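Following: one structure in structure tokens, then a few remarks.
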Amino acid sequence: MDCIQKSVPTSKPSKEVMSKEELERQKEKEIRNLILEVSFYLIFLALFLAMVFNSRDDRAFLYCDSVSLLLNKEHDVDKVNEGHHLWNWIENAFFPFMYATKDWNGRDLNGSSKTVITLTSYRVGPIRIRQHRLGN
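The C-terminal residue of the sequence shown carries number 136 in UniProt numbering, and the numbering is unbroken.
In structure tokens:
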């Protein structure tokens, strides 16, 4: 009967030790969740940046110049203070600027091309002007 090992009595851990271990386990879970969340965010950010820079136009630096040309034409947008001034500005400055009439080498564009002035985007529908109303 010597081959039977005697069982060593084990005592239950105290409540203090249990609460300490539970707190440590909770911290480990929080850290693991934080690492997972940061990892997924970084993956999302990498995919987003890859999509953005992949579809970027070579002439993207001209967008700022294009907008400034629109706003600094002879029909200055700062002079618009009445309704008929707005329509004059839209007809004489905005629409001619928004719709391209010639392509990159100077050939006339037909109506089926429907590109905007940058020649990189297509119009899907008419441009709509939306009024933004502020609530008091």
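Beta carbons are placed, not taken as given, at the ideal position from N, Cα and C, and that holds for glycine.
These numbers were taken from a predicted model, which means no experiment stands behind them.
Asked: Give the secondary structure of residue 158 by DSSP, where H, G and I count as helix, E and B as strand, and everything else as coil.; Found: Nothing can be reported for residue 158, as the shown portion of the chain is limited to 1 through 136.
Asked: Using the Cα positions of residue 15 and residue 21, report the straight-line distance between them to the nearest angstrom.; Found: 10 Å
Asked: Can you tell me where the alpha helix (DSSP H) holding residue 106 begins and where it ends?; Found: Taken as a continuous stretch (DSSP letters only), residue 106 belongs to no alpha helix (DSSP H), as it is neither H nor E.
Asked: Does residue 46 pass the burial test, meaning 16 or more other C-beta atoms within 10 Å, or should it be called exposed?; Found: exposed
Asked: Residue 88 lies in the alpha helix (DSSP H); which residues open and close that run?; Found: 83-89
Asked: Hey, how far is the Cα of residue 110 from the Cα of residue 101?; Found: 8 Å
Asked: Where does residue 94 land, buried or exposed, given buried means 16+ other C-beta within 10 angstroms?; Found: buried
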